[in-house]
Amino acid sequence: MHRSRLVLLGFVLITLAAGLRSKVGTVFPAKILGAGNRKLVTGAAPDSPRSGAVLWSADMETGDLSEWSRPDVPGGPNTGGGVFDSGTATASVDVVSPAHTGIHSAKLYINTLKPAEVSTSGARLFRWLEP
């Protein structure tokens, strides 16, 4: 059971890293499923930006996760997102050699050596305010 959790966690982290490194306009899961370059379409509000417009992006090349908190500093009053860790989880930036662009990627880690705390652990990067 422990080994299958590690394998699943590894798959999730690889998928997340690859998704963050995907070029703008491509849909990583669609490529896996053989959908080619077709874009996924969802219902949109009337005042949403035109299709294909980039609302926000981060390339991690600052060497830290500060891009997730812009336009403010991490933890500031006007922050538009951020890094939220709980339990034994940590989010950081790692230097990786197989990258689509640049040399940095987000690294989300849960220490599974403390099994009592694993069920309450999570590393999260997300946005809620776009410029």
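When you line the sequence shown up against my numbering, it's residues 428 to 558, in that order. Note that the Cβ used here is the ideal one computed from N, Cα and C, for glycine as well. For clarity, every value in this text was computed on a predicted model and none was experimentally measured.
| Asked | Found |
| --- | --- |
| Contact set for residue 468: own chain, Cβ-Cβ below 8 Å, skip 5 residues either direction | Because residue 468 sits at a pLDDT of 48, beneath the cut-off of 50, its placement in the model cannot be relied upon, and the following sentence gives the value as read from the coordinates. So no residue of the chain qualifies. |
| Cβ contact (3+ pairs, closer than 8 Å) linking the segment 538-546 and the segment 495-508 | no |
| Cα-Cα separation, residue 429 to residue 546 | 13 Å |
| Beta-bridge pairing of residue 531 - partner residues as DSSP gives them | 522 |
| 7 Å Cβ cutoff met for residue 536 and residue 517 | yes |
| Of the residues 436, 503, 551, the one placed nearest residue 519, counting alpha carbons only | 551 |
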